[in-house]
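Enquirer: Dropping the structure in here first, questions after.
Residue numbers (this note's numbering): 7 to 176.
Right, here's the structure in full:
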């Protein structure tokens, strides 16, 4: 299971009411907990264990656990960002699918992937989030015009933290 597969799995789980998901393939094991996870409380959805035979390449991958957002320590966001992170009824948030460091471009001398006023489509790369020395291109799941960038370049971000406000009608 590669990084892209893990990101896709997180996106899929995020669209459900599941609060905890565990997957084991041979020596590889992953646990994903959403912000709705509460230790010791049963999930409202019945649990189902799925056994998958391990591919040959999985044996070298260590056990990873993605911590819930409330456990991850990060610098608090400035007050202006918190106030701006509350969209009105016409705006959609583009959120971080992983914990890491937010970058607006692939290198300091390169232009930003997405700027205020840019029109984006579903699948367009809007930024990069670095996690454990891996640079993950973040694709938009919405179409529209970017009206606000909510995070400063090279700032830490948490799972499901809003990054951009998008006007879908713009």
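All C-beta atoms, glycine included, are put in the ideal place defined by N, C-alpha and C.
With the cut-off set at 8 Å, would you say residue 152 and residue 126 are in Cβ contact?
Expert: Here residue 152 refers to the residue found at position 146 of the chain shown. Here residue 126 refers to the residue found at position 120 of the chain shown. Yes, the Cβ-Cβ distance between residue 152 and residue 126 is below 8 Å.
Enquirer: Please return the same chain residues whose Cβ sits closer than 7 Å to the Cβ of residue 101, not counting the five positions on each side in sequence.
Expert: As a working note, residue 101 is residue 95 in the chain shown. Here the set comprises 166, 167, 168 and 169.
Enquirer: So, with DSSP's three-state summary, where would you put residue 175?
Expert: As a position in the chain shown, residue 175 is number 169, starting the count at 1. Coil at residue 175, not helix or strand.
Enquirer: The beta strand (DSSP E) that contains residue 142, what's its start and end?
Expert: As a first step, residue 142 must be located in the chain shown, where it is residue number 136. Here the beta strand (DSSP E) through residue 142 covers 140-145.
Enquirer: In its own chain, which residues sit with a C-beta less than 6 Å from the C-beta of residue 176, not counting the 5 before and 5 after it?
Expert: Taking the first residue of the chain shown as position 1, residue 176 is located at position 170. Only 150 and 151 meet the Cβ criterion.
Enquirer: For residue 157, report the span of its beta strand (DSSP E) as first-last.
Expert: Here residue 157 refers to the residue found at position 151 when the chain shown is read from its first residue. Neither: residue 157 is in no beta strand (DSSP E) and is coded neither H nor E.
Enquirer: What residues match up with residue 168 in a beta bridge as DSSP calls it?
Expert: To locate residue 168, count along the chain shown from 1; it is residue 162. In DSSP, residue 168 forms a bridge with 101.
Enquirer: What does the alpha-carbon distance come out to for the pair residue 139 and residue 123?
Expert: Numbered from 1 along the chain shown, position 133 holds the residue referred to as residue 139. Numbered from 1 along the chain shown, position 117 holds the residue referred to as residue 123. If you take the alpha carbons of residue 139 and residue 123, they lie about 30 Å apart.
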